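Under the working numbering, the first residue of the sequence shown carries the number 15, and numbering increases by one thereafter. As structure tokens, the structure follows; a few thoughts come after it.
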Amino acid sequence: MAIAERTISTPQADLRVSESAGPGMPIVMIHGSGASRAVFARQFDSPLADAHRLIAFDLPGHGESSDAADPATDYTITGLARSAAELIDNLNVRHAIVYGWSLGGHVAIELASFHPVVKGLMLTGAPPVSKGFFGMLRGFHANWDMLLASKKFYSERDAERFETLCFGDSADASFRENILRTDGRLRATVTRSMMAGKGADQKQVIEQADFPVAIVNGENDPFIRINYFDTLDCGTLWEQCHVVPGAGHAPFWERPDLFNPMLSRFAGWVAAQDAGIVVPARRRAG
Numbered sequence: 015m016a017i018a019e020r021t022i023s024t025p026q027a028d029l030r031v032s033e034s035a036g037p038g039m040p041i042v043m044i045h046g047s048g049a050s051r052a053v054f055a056r057q058f059d060s061p062l063a064d065a066h067r068l069i070a071f072d073l074p075g076h077g078e079s080s081d082a083a084d085p086a087t088d089y090t091i092t093g094l095a096r097s098a099a100e101l102i103d104n105l106n107v108r109h110a111i112v113y114g115w116s117l118g119g120h121v122a123i124e125l126a127s128f129h130p131v132v133k134g135l136m137l138t139g140a141p142p143v144s145k146g147f148f149g150m151l152r153g154f155h156a157n158w159d160m161l162l163a164s165k166k167f168y169s170e171r172d173a174e175r176f177e178t179l180c181f182g183d184s185a186d187a188s189f190r191e192n193i194l195r196t197d198g199r200l201r202a203t204v205t206r207s208m209m210a211g212k213g214a215d216q217k218q219v220i221e222q223a224d225f226p227v228a229i230v231n232g233e234n235d236p237f238i239r240i241n242y243f244d245t246l247d248c249g250t251l252w253e254q255c256h257v258v259p260g261a262g263h264a265p266f267w268e269r270p271d272l273f274n275p276m277l278s279r280f281a282g283w284v285a286a287q288d289a290g291i292v293v294p295a296r297r298r299a300g
């Protein structure tokens with residue numbers, strides 16, 4: 015499957031985009047802090063790209079996208095979601111499944127709070143937390159490594175540590191370069207915006223969603239509290255909260271053999287629901 019590459023200008027930044035040309039419902043993929051659309055290479059190099067219009071882009075301040083035009087506004091969680099919305103509208107996408115990983119998951123939830131394009135949402139490494147500092151503490155481990163998420167300037171050692179936390183020992187050679195390329199103002203600004211309770215109450219967005227929500231986390235994710243997801247009361251949860259064995263923060267990269275069929279199954283289920291075909295959302299015991 016040929017992958018098209020282009021740059022799309024939005025008020026927030028010039029965004030670099032990769033797309034496949036599969037005929038199925040589009041899947042918009044949003045990467046995490048310090049990464050780029052390159053982390054989804056194992057989805058683009060799979061049957062998913064033949065079956066669906068995969069769309070992945072570099073967030074402002076990341077990868078081959080430009081830095082934000084107005085960092086103080088555009089690097090907040092709301093600003094990042096607005097940039098995703100501008101891109102989606104520019105691509106003339108009307109219905110889509112949105113997959114968000116880590117920071118990208120929080121951007122995806124914020125996007126879903128105001129944009130009708132979201133017909134299904136899959137999250138990895140992104141606990142939907144209530145507003146403010148204490149809400150975040152419930153979803154994330156409190157340790158020194160978490161400070162890297164908000165640190166403005168990275169040393170080589172910081173970049174190495176962050177790469178290990180995100181990808182274990184499975185990182186591609188380009189991932190360290192992407193971490194060091196990232197505009198550090200984004201890390202500081204987006205963390206402050208979430209700590210201050212800016213944007214939507216993400217827990218409420220998920221619990222009150224009228225679209226299917228899938229949750230897929232790695233068994234050994236060093237950032238998030240896996241048991242936090244058991245506290246969510248999401249009436250549109252797809253199947254169950256899935257945990258990928260042997261994976262850390264990035265199961266789509268570490269275990270695509272397990273992750274890709276799951277995303278394919280969810281995408282098929284969402285497409286059927288969107289077409290008016292009623293299928294049970296939860297797995298039945300036995």
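Where a beta carbon is used, it is the ideal one built from N, C-alpha and C, also for glycine. A quick note: this is a predicted structure, and the numbers were derived from the prediction, not measured.
Q | Helix, strand or coil at CYS255 [DSSP, three-state] | A | Strand.
**Q.** Inside the segment 202 to 290 only - alpha helix (DSSP H) runs reaching at least 4 residues
**A.** DSSP runs (the alpha helix (DSSP H)) wholly in the segment 202 to 290: 216 to 221, 265 to 268, 270 to 288.
Q: With a threshold of 16 other CB atoms inside 10 Å of the CB of GLY290, please say whether the residue is buried or exposed.
A: Around the Cβ of GLY290, a 10 Å sphere holds fewer than 16 other Cβ atoms; the residue is exposed.
Q: Return the Cβ separation of GLY262 and GLY182 in integer angstroms, given the expectation that the two are a contact with Cβ distance under 8 Å.
A: Contact holds; Cβ gap of about 5 Å.
Q) For HIS109, does the three-state DSSP call read helix, strand or coil? A) Residue state, collapsed to three classes: coil.
(Q) Is it buried or exposed, PRO61, if we count other Cβ atoms within 10 angstroms and call 16 or more buried? (A) Counting the other Cβ atoms within 10 Å of the Cβ of PRO61 gives fewer than 16, which makes it exposed.
Q.
Run through the DSSP bridge pairs and tell me what MET43 is partnered with.
A. When DSSP reads this structure, MET43 sits in a beta bridge with ALA70, TYR113.
Q: Check whether the Cβ atoms of SER207 and ALA65 sit closer than 8 Å, and answer yes or no.
A: When the beta-carbon positions are compared, SER207 and ALA65 stay at least 8 Å from each other.
Q. Taking the C-alpha atoms as reference points, what is the distance between THR92 and GLY118?
A. When rounded, the distance between both Cα atoms is 12 Å.
(Q) The beta strand (DSSP E) that contains THR92, what's its start and end? (A) No beta strand (DSSP E) contains THR92, which is instead part of the alpha helix (DSSP H) from 91 to 104.
Q: Tell me VAL31's beta-bridge partners as DSSP assigns them.
A: VAL31 is bridged to ARG20, PHE71.
Q: Note down, in chain order, each residue of its chain lying with its Cβ closer than 8 Å to the Cβ of ILE193, except the 5 sequence neighbours on either side.
A: Contacts found: GLY48, ALA49, TYR168, ALA173, PHE176, GLU177.
**Q.** Where GLY149 falls: helix, strand or coil (DSSP)
**A.** GLY149: helix per DSSP, three-state reduction.
Q) Quick one, which of PRO74, GLU253, ALA140 has its alpha-carbon nearest GLY232's? A) With distances taken between Cα atoms, GLY232 lies closest to ALA140.
Q. At what residues does the alpha helix (DSSP H) containing THR87 begin and finish?
A. Here the alpha helix (DSSP H) through THR87 covers 85 to 88.
Q: Look at the alpha carbon of GLY146 and the alpha carbon of GLY36, and state the distance between them as a whole number of angstroms.
A: GLY146 and GLY36: Cα-Cα distance of roughly 40 Å.
(Q) Please report the distance separating the alpha-carbon of CYS255 from that of MET276. (A) Whole-angstrom Cα-Cα distance: 12 Å.
Q | Euclidean distance between Cα positions of SER116 and ARG20 | A | Distance from the CA atom of SER116 to the CA atom of ARG20, rounded to whole angstroms, is 24 Å.
(Q) Short of 7 Å in beta carbon distance, which residues of its chain neighbour LEU125, apart from the five on each side in sequence? Order them along the chain. (A) The residues are ALA95, ALA98, ALA99, VAL112, VAL132.
(Q) Going by DSSP in three states, THR178 sits in which element: helix, strand or coil? (A) THR178 sits in a helix when the DSSP states are folded into three classes.
(Q) Classify ARG30: buried if its beta carbon has 16 or more other beta carbons within 10 angstroms, exposed otherwise. (A) Under the 10 Å beta carbon count, ARG30 is surrounded by 16 or more other beta carbons and is classified as buried.
Q: List the DSSP bridge partners of THR138.
A: Answer is TRP115.
Q. When the Cα of ASP88 is compared with those of ARG269, ARG239, ARG199, which residue comes out closest?
A. Among ARG269, ARG239, ARG199, the Cα nearest to that of ASP88 belongs to ARG199.
Q: Give the straight-line distance between the Cα atoms of THR138 and MET160, rounded to the nearest whole angstrom.
A: Cα-Cα distance, rounded: 17 Å.
(Q) Does VAL143 come out as helix, strand or coil in the three-state DSSP assignment? (A) In this structure, VAL143 counts as coil in the three-state DSSP scheme.
Q) Under the rule that 16 or more other beta-carbon atoms within 10 Å means buried, what is THR90, buried or exposed? A) So THR90 counts as buried.
Q | Contact check, PHE33 vs ARG67, beta carbons under 8 Å | A | It should be pointed out that residue 33 corresponds to Glu in this sequence rather than to Phe. In this structure, ARG67 lies closer than 8 Å to GLU33 by Cβ.
(Q) Cutting at 8 Å between CB atoms, please list the residues of its own chain near GLN222, excluding the five before and the five after it. (A) The beta carbon of GLN222 sits closer than 8 Å to none of the beta carbons in its chain outside the five residues before and after it.
Q. Would DSSP call GLY198 helix, strand or coil?
A. Helix.
**Q.** Proximal residues to LYS212 (C-beta, below 7 Å), its chain only, five neighbours per side dropped
**A.** Taking LYS212 as the centre and dropping the five residues before and after it, the same chain places the C-beta of THR90, ILE91, THR92 closer than 7 Å to its C-beta, in chain order.
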